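Just below is one structure, and these are the notes that go with it.
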Ligand code: UDP
């Protein structure tokens, strides 16, 4: 018997995580996969490039839903996903991370009694003002399988009474990093294109609503990057949301090496060769560690607390950094295979 998995993705980090799991699904007997793209991220350099570079199966269903407020976007996704689930009748719905696409997929499936597997379950910032936190909490509580990247995530779920179906599988983004790093080192020409040598620059990303939704906050973050850029060039692949916010709020990005968002190979090359990383991204904080690069997180808290306790990361308002040691939470690069094995073991249906 083949179990049918319906994967719902929509945003950049989800394409990267799904690429690793999708590869493992293809290599696991008894599993087949149908991909649904909600359309939350749609620019070619925020979506298509990842499907091409990471060999992700072409979505069978593309919903083309983006823009609007959270309720509007999530509501439209719910309405569009339900008939697809009724038509496809999957054995599992797999969702990733913490976006509106994650929440809509989990809600639509659980209302139809289709078991949900949540990859990157159990992360908490304990800040309910973050839309991502709401999406994670609800998705975790609706899921039949909680696939946790860290033991802290397992503990977070236990504190909320969620213990059945919880597995520490490691971080599928570590799998993704191992998969691309050598290839990126050989094939990406981004450093030459930018006229940069290895270990002479810092890499920054900004996209969180808490940093882009308020002019004073965005100004403070940009000022921090501009101060750093007096020591070495700071490369900033600019998320479309941040570009719009800076333009609308009149925030000057002068002094920074601003570029368009890059594909995953170029990003791996930029990360691998950076001196330091400054980011408000969840994924990029860990990727800095995977590439052995210290990180400063442009937020007041992080879900990836082990990067802080192990000295690879600090919050930008913290002055001290812990002593650096290896983190053994993220697995050995086989997290996606653990996910596939758990899915193939049948689930609760
Ligand atoms: N990323 C990329 N190109 C870029 C910026 C980021 O490929 O120009 C990758 C990055 O390496 C990481 C993922 O996108 O794997 C992170 O996505 P994002 O920061 O949008 O989301 P988050 O991790 O905060 O959910």
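Numbering (UniProt numbering), first residue to last: 1 to 349. Cβ coordinates follow ideal geometry from the N, Cα and C atoms, glycine included. Everything numeric in this text was worked out from a predicted model, so none of it was measured.
How about residue i and residue j: do their beta carbons lie closer than 8 Å?
i, j, result
"residue 335", "residue 221", "no"
"residue 312", "residue 324", "yes"
"residue 188", "residue 269", "yes"
"residue 119", "residue 8", "no"
"residue 301", "residue 126", "yes"
"residue 202", "residue 275", "yes"
"residue 77", "residue 101", "yes"
"residue 41", "residue 63", "no"
"residue 157", "residue 166", "yes"
"residue 234", "residue 247", "no"
"residue 190", "residue 239", "no"
"residue 256", "residue 236", "yes"
"residue 315", "residue 293", "no"
"residue 130", "residue 210", "yes"
Give the straight-line distance between the Cα atoms of residue i and residue j, rounded to the nearest whole angstrom.
i, j, result
"residue 328", "residue 341", "21 Å"
"residue 245", "residue 212", "6 Å"
"residue 145", "residue 113", "14 Å"
"residue 20", "residue 176", "6 Å"
"residue 367", "residue 93", "This structure cannot speak to residue 367, because the chain is shown only from 1 to 349."
"residue 174", "residue 283", "10 Å"
"residue 241", "residue 264", "19 Å"
"residue 349", "residue 88", "Only weak support is given to the placement of residue 349: the predicted model assigns it a pLDDT of 44, under 50, and the value that follows is read from those uncertain coordinates. Answer to the nearest angstrom: the Cα atoms are 16 Å apart."
"residue 297", "residue 2", "43 Å"
"residue 184", "residue 280", "23 Å"
"residue 107", "residue 135", "10 Å"
"residue 178", "residue 65", "32 Å"
"residue 259", "residue 162", "42 Å"
"residue 345", "residue 35", "20 Å"
"residue 25", "residue 243", "36 Å"
"residue 50", "residue 16", "7 Å"
"residue 286", "residue 228", "21 Å"
Please state whether DSSP places residue i in a helix, a strand or coil.
i, result
"residue 32", "strand"
"residue 313", "strand"
"residue 305", "helix"
"residue 199", "coil"
"residue 1", "coil"
"residue 190", "helix"
"residue 56", "coil"
"residue 348", "Here the model assigns residue 348 a pLDDT of 46, short of 50, so the residue's position is not dependable and the matter cannot be decided."
"residue 12", "helix"
"residue 89", "coil"
"residue 163", "coil"
"residue 81", "helix"
"residue 40", "coil"
"residue 207", "coil"
"residue 137", "helix"
"residue 285", "helix"
"residue 62", "strand"
"residue 278", "strand"
"residue 259", "strand"
"residue 332", "coil"
Using a Cβ-based criterion (distance less than 7 Å to any ligand heavy atom), does residue i qualify as near the ligand UDP?
i, result
"residue 264", "yes"
"residue 310", "no"
"residue 261", "yes"
"residue 205", "yes"
"residue 101", "no"
"residue 67", "no"
"residue 12", "yes"
"residue 240", "no"
"residue 287", "yes"
In chain order, which alpha helix (DSSP H) runs of at least 4 residues are fully inside the region 212 to 247?
-> Unbroken alpha helix (DSSP H) stretches of 4 residues or longer found wholly inside the region 212 to 247: 215 to 228, given in chain order.
Scan the region 96 to 124 and note each continuous alpha helix (DSSP H) run of 4 residues or more that stays entirely inside, going in chain order. With a minimum length of 4 residues, the continuous alpha helix (DSSP H) runs that stay inside the region 96 to 124 are 100 to 111.
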